[in-house]
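The block underneath contains the structure these notes are about, expressed in structure tokens.
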Amino acid sequence: MDLSIALKQTFSQNGDDEHEEPDNRSEISSVLHAFVDDADTKLRNEKSKLFEIISQHLRKLYEQPSVLHEGLVFNTS
């Protein structure tokens, strides 16, 4: 969702005068809430993906007795 496009559409429903005070605040509020909800959902999805990647790497480290990584040896035994 593109916030600027959604807000422009909402404002244009009220008139073309940029200096005119909008009377459709509930619609603007709805657009903002939808944008925040969409952003929150995307962040949660990315956080889940990142957590899964980290978990996979930790599992690999745990399953191997020692792993050479960037010049360091990690012993898990």
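Just so it is clear: in the sequence shown, position 11 is 55 by my numbering, and no numbers are missing. The C-beta atom is built at its ideal place from N, Cα and C for all residues, glycine as well.
Under 7 Å Cβ to Cβ from residue i, same chain only, skipping five residues before and after it: list those, please.
i   : result
K93 : none
Which residues mark the beginning and the end of the alpha helix (DSSP H) in which residue i is found?
i    : result
N123 : Absent from the structure is residue 123, since the part of the chain shown begins at 45 and ends at 121.
Grab me the residues of residue i's own chain with a C-beta within less than 6 Å of its C-beta, minus the 5 sequence neighbours each way, in chain order.
i   : result
L47 : F79
Contact criterion: CB-CB distance below 7 Å. Does residue i meet it with respect to chain D?
i   : result
K86 : Protein chain content of the structure displayed is limited to a single chain, and chain D is not contained in it.
Does the stretch 72-85 come close enough to the stretch 46-57 to have 3 or more Cβ pairs within less than 8 Å?
-> For the pair of segments examined, the stretch 72-85 was found to touch the stretch 46-57: the number of CB pairs separated by less than 8 Å reaches three.
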